[in-house]
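Counting in this note's numbering, the sequence shown runs from 5 upward without gaps. A virtual CB, placed ideally from N, CA and C, is assigned to each residue, including glycine. See structure below.
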Amino acid sequence: MIKLSGEALAGEGELGIDTNKTFSLAGEIKEIHALGIQVALVVGGGNIVRGNTLAKSGMDRATADYMGMLGTIMNALALQDACEKQGLFTRVLSAIEMKSVAEPYIRRRAVRHLEKERVIIFAGGTGNPYFTTDTTASLRAVEVGCEVILKATKVNGVYTADPKKDPAAIRYKKISFMESIKERLKVMDSTALSLCMDNNMPIIVFDIFNKGNLRDLVCGADIGTLISNSEELVKDV
Ligand code: UDP
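Given below as structure tokens:
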């Protein structure tokens, strides 16, 4: 399971969809698919609408969140288009029914698509407001039996503090779910982390903006941060 933020389709801090970036991302997905790996994707919507941002400026939170979920469907279609242009077979499965553009999410169907070597793209988040697409990735990964969640971000792992603000911040190579929740490390929201913790679903946080990282990661390179139920804490010193 690869969790892509909306930003991965737009560029760091950018809005909208950059077709070149999306195509290049799809090329990286193709590379790992060619290694024989079954690939499921969850895409966020932060490049289009973030529910809590609109809510802060006065909009009803649930309405804003539904708009956010609709944004993820646009991103999923963009990603599908790019993946197909790279020669992959794909299916978009949406938690919000939109039959003319995507299949409804049906777990058994998702598993079947994976068996048939199709790349599946989960759209529409969980279908519920007050959740995030990180939680969607955790939920779907557990449901369809993924081995690991690769959380694609703009930093190369989880740090003791924000590395952009604190030059003394140290990267964790390994950290437990419990520790990352306790330390309130801004890696994923607590709902997503607890779901993974309770269901033993490891997460690897890595930098997607560095081309080739995805392939290196699945080939076993020591990249990013592994979050798991192991109590072993390893810092990159
Ligand atoms: N969202 C939601 N429920 C979900 C998933 C997403 O309400 O199950 C909404 C929420 O408003 C969120 C927006 O969709 O802000 C976009 O998702 P997210 O912020 O997770 O995107 P990312 O940060 O990964 O680009």
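Neighbourhood of residue i by C-beta distance below 8 Å, restricted to the same chain and skipping five residues each side
i: residue 193; result: 136, 138 and 139
i: residue 107; result: 95, 96, 97, 98 and 113
i: residue 214; result: 160
Residue i Cβ short of 7 Å to the ligand UDP heavy atom set
i: residue 210; result: no
i: residue 11; result: yes
i: residue 68; result: yes
i: residue 96; result: no
i: residue 135; result: yes
i: residue 22; result: no
i: residue 138; result: yes
i: residue 49; result: yes
i: residue 15; result: no
Contacting residues, own chain, Cβ-Cβ under 6 Å from residue i (five flanking each side not counted)
i: residue 163; result: 173 and 175
i: residue 90; result: 30, 31 and 34
Exposure label - residue i; buried when at least 16 CB within 10 Å
i: residue 223; result: exposed
i: residue 202; result: exposed
i: residue 67; result: exposed
i: residue 227; result: buried
Closer than 7 Å: residue i CB and nearest the ligand FMN heavy atom
i: residue 73; result: The model on display carries the ligand UDP but not the ligand FMN.
Own chain, CB closer than 7 Å to residue i, minus 5 neighbours either side, in chain order
i: residue 143; result: 130 and 199
i: residue 26; result: 13, 82, 83 and 86
Does the region 73 to 85 come into contact with the region 26 to 46, if we say contact requires no fewer than three beta-carbon pairs (one atom in each stretch) closer than 8 Å? yes
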